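*Asks:* So for the sequence shown, our numbering puts the first residue at -14; every next one is plus one.
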Amino acid sequence: MSSVCGLARLNTRIVGGQTAPEGFWPWQVSVNTILGSQFCGGSLINNQWVLSAAHCFTRTTASNVQVFLGRQSQQGSNPNEVSRTVTQIIIHPNYIPSTFDNDIALLRLSSTVTFTDFIVPVCLAASDSTFHAGINTWVTGWGTIASGVSNPFPQNLMEVQVPIVGGRQCNCNYGVGQITDNMLCAGLPEGGRDSCQGDSGGPLVIKQGDRWILSGVVSFGRGCALANFPGVYARVSRFQTWINEQIISNQPGFITFRSTGTDSDLSVTCPGLPPVTTTLPPTTTPKCECLSCPD
-14 MSSVCGLARL NTRIVGGQTA PEGFWPWQVS VNTILGSQFC GGSLINNQWV
36 LSAAHCFTRT TASNVQVFLG RQSQQGSNPN EVSRTVTQII IHPNYIPSTF
86 DNDIALLRLS STVTFTDFIV PVCLAASDST FHAGINTWVT GWGTIASGVS
136 NPFPQNLMEV QVPIVGGRQC NCNYGVGQIT DNMLCAGLPE GGRDSCQGDS
186 GGPLVIKQGD RWILSGVVSF GRGCALANFP GVYARVSRFQ TWINEQIISN
236 QPGFITFRST GTDSDLSVTC PGLPPVTTTL PPTTTPKCEC LSCPD
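1) Among residues of its own chain, excluding the 5 on either side of valine 98, which ones have a beta-carbon nearer than 8 Å to its beta-carbon?
2) Start and end of the alpha helix (DSSP H) containing tryptophan 227?
3) Taking the alpha-carbon positions, what's the threonine 115 to glutamine 23 distance?
4) Count the other CB atoms, across all protein chains shown, that sit within 10 Å of the CB of glycine 285; report buried if there are 16 or more and exposed otherwise.
5) For the region -1 to 80, list the beta strand (DSSP E) runs that are entirely contained and at least 3 residues long, ordered along the chain.
6) Among Val217, Gly126, Ile232, Ser200, which residue has its Cα nearest to the Cα of glycine 208?
7) Identify which residue in Asn63, Arg56, Gly21 has its Cα closest to the Cα of serine 48.
8) Give the DSSP-derived three-state secondary structure of asparagine 121 in the structure shown.
9) Report yes if the CB atom of leucine 109 is closer than 7 Å to the CB atom of proline 11, and no otherwise.
10) Cβ of glycine 90 within 7 Å of Cβ of serine 37?
11) Got a sec? Which residues, its chain only, sit under 6 Å from glutamate 7 by beta carbon, not counting five neighbours each side?
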């Protein structure tokens, strides 16, 4: 799968933050109820599996879920779209609902999908990946564009660029111990860009060479794009072994993302933060997430 993953032929994006042109994010999945209402996002990781967030599925069953791939608009026409029902939902066994630690889940599709320019699996960050503070990433989804503000008709896929916030800094922002090693943070110090309600389970991706790598899964945050409260994501690289244990054949493509230089997050200090990179047991109260909030 590593030979095809993460190649978005139509994506020439360098900078920005706006409606995503069709085909730019071909692994983006719309996770809907069987009646058609979109409630979460996800990422295609091979021809039959989708990676999403555990908290999306704690109150539903596979028979109540369908997914749409190649979708651009939630309300307009989607000529490149295909849909599948879901036959199996696997929630990480160590998922903790009260803290959103290990907030990751796998969806098995009812049948395989054929890859096109608009449907391509994303590469996954391998276990030895490193993400230094300040590295730019992209998050995509159909969620609200601000707290309480719906994505306007026709609800096109949105994209926004956000930099990585180091784990030590993120712990200082949220309260020491609330951000675990299984989490990744991204956002601007001044706020204004984030994922929002409805984007949960969707992708946070980073480009290396010509490949896009899934580094995070939208998990939780405080409000939407609030200053000093970056979005929090499940750190995909922490789950390589677990994912490969669930997907025995045609395993996803894992690629190591390597940051260069010194990570500025290592010098961050605040009251209660240990001098090492470990964290205390998490005690955060999580929330579902949102996208492309206005400045």
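The beta carbon of each residue, even a glycine, is placed where N, CA and C say it ideally should be. It should be emphasised that the depicted structure is a prediction, and the values quoted were computed from it without experimental measurement.
*Replies:* According to the data block:
1) Counting from one through the sequence shown, the residue named residue 98 turns up at place 113. Excluding sequence neighbours, valine 98 sits near Leu29, Asn32, Gln33, Leu54, Val67, Arg69, Ile104.
2) As a working note, residue 227 is residue 242 in the sequence shown. Run containing tryptophan 227: 225 to 231, per the alpha helix (DSSP H) assignment.
3) Indexing the sequence shown from 1 puts residue 115 at position 130. Indexing the sequence shown from 1 puts residue 23 at position 38. Inter-residue distance for threonine 115 and glutamine 23 is about 32 Å (C-alpha atoms, whole angstroms).
4) Past the edges of the chain, shown from -14 to 280, lies residue 285, and the structure says nothing about it.
5) Complete beta strand (DSSP E) runs here, min 3: 13 to 18, 23 to 29, 34 to 37, 50 to 54, 67 to 76.
6) Within the sequence shown, numbered from 1, the residue matching residue 208 stands at position 223. Closest option to glycine 208, Cα to Cα, is Val217.
7) Residue 48 sits at position 63 when you count from the first residue of the sequence shown. The shortest C-alpha separation from serine 48 is found at Gly21.
8) For the purposes of this step, residue 121 is taken as the residue at position 136 of the sequence shown. Here asparagine 121 sits in strand by DSSP.
9) For the purposes of this step, residue 109 is identified with residue 124 of the sequence shown, where counting begins at 1. For the purposes of this step, residue 11 is identified with residue 26 of the sequence shown, where counting begins at 1. Against a cut-off of 7 Å, the Cβ pair of proline 11 and leucine 109 comes out as no contact.
10) Stepping through the sequence shown from its first residue, residue 90 is reached at position 105. Stepping through the sequence shown from its first residue, residue 37 is reached at position 52. One point to set straight first is that residue 90 is alanine, not glycine, in the sequence displayed. Yes, the Cβ-Cβ distance between alanine 90 and serine 37 is below 7 Å.
11) Locating residue 7 in the sequence shown gives position 22, where the first residue counts as 1. The answer, listed in chain order, is Gln57.
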